[in-house]
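What follows is a short report on a single structure.
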Amino acid sequence: MDETVGKMLPVDPEDIGTQRCRLGPSVLSSLRIKIGSPLRITLDGGDCLCTAWPRKDLCDGFIQFDLKCASSGLIGSKLKNVSLSSSHLNPVAYNKLQKIRVKIVVKTADVKRGYCRSVLQETVKELLRDVYISPFHMVSLTNVETPVVLLEILDMDPLTREAGIVTAKTQIQIKDVVTLKQYKHVSQEPALSVAGMDDLRTSLKEIIDLPFRYPKTLKKLGLSCPRGVLLIGPPGVGKTLLVKAVAREVGAYLLGINGPSIHGSRPGESEENLRHIFQQAREAAISGPTLVFIDEIDSLCPRRGNSSSAPENRVVAQLLTLMDGMGSEKEIIIMAATNRPDALDPALRRPGRFDREVVIGTPTLKQRGAILEMLMSHMPISTDLELCKLAEMTTGYVGADLTALCREAAMQAMLHSCLGTVDKSISMVDFHEAFKKICPSSFRSSIGLTDVKPVSWREICGLDDVKLQLQQSIEWPMKYPEAYVRMGLTPPRGILLYGPPGCAKTTLVKASATSCHCAFLSLSGADIFSPYVGDSEKILAQARLAILKLFTAKIPMDSCVCLETLAAKTNLFSGADLENFCKEAALLALQENGLEATAVQQEHFDRLLTTMKPSINQQDLESYERIFKRQEFYSETAKREVMSNSGDFVI
1 MDETVGKMLP VDPEDIGTQR CRLGPSVLSS LRIKIGSPLR ITLDGGDCLC
51 TAWPRKDLCD GFIQFDLKCA SSGLIGSKLK NVSLSSSHLN PVAYNKLQKI
101 RVKIVVKTAD VKRGYCRSVL QETVKELLRD VYISPFHMVS LTNVETPVVL
151 LEILDMDPLT REAGIVTAKT QIQIKDVVTL KQYKHVSQEP ALSVAGMDDL
201 RTSLKEIIDL PFRYPKTLKK LGLSCPRGVL LIGPPGVGKT LLVKAVAREV
251 GAYLLGINGP SIHGSRPGES EENLRHIFQQ AREAAISGPT LVFIDEIDSL
301 CPRRGNSSSA PENRVVAQLL TLMDGMGSEK EIIIMAATNR PDALDPALRR
351 PGRFDREVVI GTPTLKQRGA ILEMLMSHMP ISTDLELCKL AEMTTGYVGA
401 DLTALCREAA MQAMLHSCLG TVDKSISMVD FHEAFKKICP SSFRSSIGLT
451 DVKPVSWREI CGLDDVKLQL QQSIEWPMKY PEAYVRMGLT PPRGILLYGP
501 PGCAKTTLVK ASATSCHCAF LSLSGADIFS PYVGDSEKIL AQARLAILKL
551 FTAKIPMDSC VCLETLAAKT NLFSGADLEN FCKEAALLAL QENGLEATAV
601 QQEHFDRLLT TMKPSINQQD LESYERIFKR QEFYSETAKR EVMSNSGDFV
651 I
């Protein structure tokens with residue numbers, strides 16, 4: 001049975017920084033240790049190295065020790081109400097060290113710039129003389145008037161797990177010098193678990209780490225690594241978590257910016273906030289690699305053509321200027337995340353700013369399985385719960401949805417245990433209840449939202465020929481793609497189901513989605529039209545703008561040409577009309593400026609608008625509208641008559 005050493009008391013002021021451990025006489029005799037010999041004290045948060053010394057009052061039952069050399073988990077911690085036994089105290093052997101390699105933590109960046117390596121080596125050598133150290137331990141120097149705050153022991157020669165003492169002959173090698181702010185930010189952040197994104201994590205790590213680790217090699221090869229990375233993905237997929245995990249792994253200082261938090265109430269305050277953050281990044285880059293992460297960048301830098309707000313335009317211009325000014329900063333990488341890339345200003349997405357765009361899609365079946373395995377690793381799981389089956393049922397769920405789903409299932413299990421159920425583990429029944437409350441975040445919209453219950457082919461009676469055709473068109477290409485490739489077949493891109501109301505068209509599609517484990521979205525024609533005045537016209541103008549951009553992509557355009565204005569002026573123009581419109585403008589430029597013409601100007605388009613007429617007129621639109629209304633009337637009449645469908649029915 002372990003002998004109780006005593007209760008821990010605060011260290012005496014004169015013992016701070018001396019590495020002494022004050023023990024009672026009986027404990028010293030039981031340990032059979034000489035005064036001044038090294039002693040390892042094991043605690044819950046780690047261990048520390050001390051030297052054994054008797055208490056001044058020679059009283060047993062109490063212990064005091066200085067945390068000068070300890071593991072990182074104990075540095076700076078305040079231990080209270082701790083009682084130790086003899087098993088926590090272990091005398092250790094030691095060697096005189098010939099060489100050590102350290103990482104130096106200084107107070108400020110000015111110290112790092114002002115001190116040369118040789119001066120720091122001599123300073124560290126004096127501070128560590130006659131100090132017992134262990135590999136991967138921290139040496140605290142806060143009690144000494146010195147610019148060095150902490151020393152991390154990275155390696156020792158001779159290498160030993162016990163202890164070593166630094167002498168006057170010990171050589172000091174400095175691996176790195178960082179500031180205290182950066183060390184706390186990087187080292188003391190908790191490790192983050194990111195499941196299902198190993199490939200993306202490796203890719204981002206290479207983008208961030210290569211310029212910092214091999215700058216000379218890249219310079220010799222004439223390579224320039226991307227200085228800006230844009231992450232694109234739906235909400236909740238794990239963009240922010242991925243950036244934090246990669247920054248923690250490569251040891252980069254992460255400076256986060258939330259798009260909406262930048263905006264201020266005073267004129268110019270938003271630009272001032274941006275400049276202040278980038279100045280912080282420059283100061284942090286003195287100590288080591290720095291990563292500036294802009295979350296929700298679409299709210300900070302919207303497309304300037306769509307916004308008439310002058311302050312927003314100034315913020316976009318300020319960010320562009322700051323990013324261009326970062327070209328000489330080799331220690332800074334800018335990353336941003338958005339779920340609306342089309343809403344970003346195009347100037348941000350050109351090379352030299354955000355050089356690399358990484359798309360993070362909805363998790364696949366394998367990725368969902370990895371995420372669920374990580375989330376449920378610390379949960380009590382019932383034996384009937386199959387992760388593979390659960391991953392198949394969560395099509396369309398992102399990481400945040402899966403987290404909410406597991407949390408809701410745990411709540412259901414806790415509710416059942418409170419009601420008197422003996423089994424307190426999470427079962428498949430709990431997840432079925434959770435599915436009723438947690439749906440994929442991409443489906444949380446009034447448009448296209450459908451409450452879909454799984455439908456199997458067996459539940460649809462009759463229609464065997466139709467079911468076979470749907471299986472061949474939808475299910476087979478997804479389940480057996482190698483057979484289609486071998487036979488040179490191309491899967492259909494679209495399928496049209498037509499028939500009278502009530503003949504199971506929607507149910508057939510639901511069954512196809514269930515058999516393929518696909519997400520199902522139902523959209524009616526009325527959902528396309530906007531209830532707001534001018535919204536539909538705006539959508540049509542945007543469609544014309546997209547068509548104009550497509551047809552002018554290979555035509556040299558003058559800088560004065562405004563496609564947005566042309567899209568607004570070409571009302572009733574069809575796609576073919578717009579294509580002909582662009583070609584005629586190019587021919588007009590050649591006709592007026594000769595064969596040496598280099599670009600089409602705005603006046604060429606304006607002149608054509610006076611002569612070209614759209615192939616569709618208002619009467620055609622009204623006739624199509626009458627046909628559409630007549631079809632809706634017949635459809636409603638058919639529903640009221642409750643037509644039966646030739647004996648085929650759905651269970």
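Numbering (UniProt numbering), first residue to last: 1 to 651.
Each residue gets a CB set at the ideal place from its N, CA and C atoms; glycine is no exception.
Report task. Would you decide whether residue 132 is buried or exposed? Buried here means 16 or more other CB atoms lie within 10 Å of its CB. Result -> Start at 1 with the first residue of the sequence shown, and residue 132 comes out as number 132. With at least 16 other beta carbons inside 10 angstroms of its own, residue 132 counts as buried.
Query raised in the report: Taking C-alpha atoms, which residue in 144, 143 and 174 lies nearest to residue 155?
Result: The sequence position of residue 155 within the sequence shown is 155, counting from 1. It is 174 whose Cα lies nearest to the Cα of residue 155.
**Report entry** Per-residue burial, residue 446 [other beta carbons within 10 Å of its own, 16 or more giving buried]
**Finding:** The residue you call residue 446 lines up with position 446 of the sequence shown. Residue confidence is low: residue 446 scores 44 on pLDDT, short of 50, so the model does not pin down where it sits. Its coordinate-derived value is still stated next. Residue 446 is exposed by the Cβ-count criterion.
Query raised in the report: Start and end of the alpha helix (DSSP H) containing residue 484?
Result: Here residue 484 corresponds to residue number 484 of the sequence shown, with the count starting at 1. 481-486 is the extent of the alpha helix (DSSP H) around residue 484.
Query - Test item: CB-CB of residue 565 and residue 581 under 8 Å - result: Taking the first residue of the sequence shown as 1, we reach residue 565 at position 565. Taking the first residue of the sequence shown as 1, we reach residue 581 at position 581. Cβ distance not < 8 Å, so residue 565 and residue 581 don't count as in contact.
Report task. Check each candidate in 432, 73 and 287 and name the one with the smallest Cα separation from residue 413. Result -> For the purposes of this step, residue 413 is taken as the residue at position 413 of the sequence shown. Looking at the Cα atoms, 432 is the closest of the given residues.
Query raised in the report: Can you list, in chain order, the residues of its chain whose CB lies under 7 Å from that of residue 376, leaving out five sequence neighbours each side?
Result: By 1-based counting over the sequence shown, the position of residue 376 is 376. Contacts found: 406.
Query raised in the report: Taking the C-alpha atoms as reference points, what is the distance between residue 563 and residue 549?
Result: For the purposes of this step, residue 563 is identified with residue 563 of the sequence shown, where counting begins at 1. For the purposes of this step, residue 549 is identified with residue 549 of the sequence shown, where counting begins at 1. Near 7 Å, if we compare the C-alpha coordinates of residue 549 and residue 563.
Query raised in the report: residue 38 by DSSP, collapsed to three states: which one?
Result: Within the sequence shown, the letter at position 38 stands for residue 38. Of the three classes helix, strand and coil, the one that applies to residue 38 here is strand, per DSSP.
Requested in this report: Pick out whichever of 147, 403 and 441 has its Cα sitting closest to the Cα of residue 194.
Outcome: The residue given as residue 194 occupies position 194 in the sequence shown. Among 147, 403 and 441, the Cα nearest to that of residue 194 belongs to 403.
Report task. Kindly indicate which residue of 199, 601 and 436 has the alpha-carbon position closest to the one of residue 361. Result -> On the sequence shown, position 361 is the one that residue 361 refers to. Check the Cα spacing between residue 361 and each of 199, 601 and 436: the tightest is with 199.
Query raised in the report: Could you give the C-beta distance for residue 502 and residue 547, rounded to a whole number, given that I count them as a contact under 8 Å?
Result: The count along the sequence shown starts at 1 and reaches residue 502 at position 502. The count along the sequence shown starts at 1 and reaches residue 547 at position 547. Not quite, the Cβ-Cβ distance comes to about 39 Å (not below 8 Å), so this is no contact.
**Report entry** Residue burial classification, residue 116 (beta-carbon count within 10 angstroms, cutoff 16)
**Finding:** Position 116 of the sequence shown holds residue 116. By the neighbour-count definition (other C-beta atoms within 10 Å, threshold 16), residue 116 is an exposed residue.
Requested in this report: List the endpoints of the continuous beta strand (DSSP E) containing residue 293.
Outcome: As a position in the sequence shown, residue 293 is number 293, starting the count at 1. First-last of the beta strand (DSSP E) with residue 293: 290-295.
**Report entry** Run of the alpha helix (DSSP H) containing residue 371, from where it starts to where it stops
**Finding:** Here residue 371 corresponds to residue number 371 of the sequence shown, with the count starting at 1. From DSSP, the alpha helix (DSSP H) with residue 371 extends over 365-375.
Query - Own chain, CB closer than 7 Å to residue 101, minus 5 neighbours either side, in chain order - result: Translated into positions along the sequence shown, residue 101 becomes position 101. Contacts found: 154, 155, 173 and 175.
Query raised in the report: Taking Cβ positions, are residue 144 and residue 65 nearer each other than 8 Å?
Result: For this step, residue 144 is matched to residue 144 along the sequence shown. For this step, residue 65 is matched to residue 65 along the sequence shown. Going by C-beta atoms, residue 144 is not nearer than 8 Å to residue 65.
Report task. Starting from residue 107, follow the alpha helix (DSSP H) in both directions and report where the run begins and ends. Result -> One-based indexing of the sequence shown puts residue 107 at position 107. Run containing residue 107: none; DSSP gives neither H nor E here.
**Report entry** Secondary structure, alpha helix (DSSP H): runs of 4+ residues fully inside the segment 112-156
**Finding:** 117-128
Query raised in the report: Considering only the beta carbon of each residue, do residue 166 and residue 106 sit closer than 8 Å?
Result: Sequence index remark: in the sequence shown, residue 166 carries index 166 (1-based). Sequence index remark: in the sequence shown, residue 106 carries index 106 (1-based). For residue 166 and residue 106, no; Cβs fall outside 8 Å.
Report task. Under 7 Å Cβ to Cβ from residue 316, same chain only, skipping five residues before and after it: list those, please. Result -> Translated into the one-based positions of the sequence shown, residue 316 becomes position 316. 301, 304 and 345.
Query raised in the report: By Cβ distance, which residues of its chain are closer than 7 Å to residue 544, with the 5 residues on each side in sequence left out?
Result: For the purposes of this step, residue 544 is taken as the residue at position 544 of the sequence shown. Counting only Cβ-Cβ distances below 7 Å, and skipping sequence neighbours, we find 567, 570, 573 and 578.
Requested in this report: Give a yes or no on contact between the segment 391-399 and the segment 356-370, applying the rule of three or more CB pairs nearer than 8 Å.
Outcome: yes
Query raised in the report: Taking the alpha-carbon positions, what's the residue 654 to residue 34 distance?
Result: Given a span of 1 to 651 for the chain in the structure shown, any question on residue 654 remains unanswerable.
Requested in this report: Just the C-alpha distance for residue 288 and residue 252, rounded to the nearest angstrom, thanks.
Outcome: Counted from its first residue, the sequence shown places residue 288 at position 288. Counted from its first residue, the sequence shown places residue 252 at position 252. Roughly 7 Å separates the two Cα atoms.
Query - Rounded separation between residue 367 and residue 197 - CA only - result: Here residue 367 is taken as the residue at index 367 of the sequence shown, counted from 1. Here residue 197 is taken as the residue at index 197 of the sequence shown, counted from 1. Roughly 7 Å between the two C-alpha positions.
Query raised in the report: Quick one: what does DSSP say residue 213 is sitting in, helix, strand or coil?
Result: Indexing the sequence shown from 1 puts residue 213 at position 213. Residue 213 falls in the helix class under three-state DSSP.
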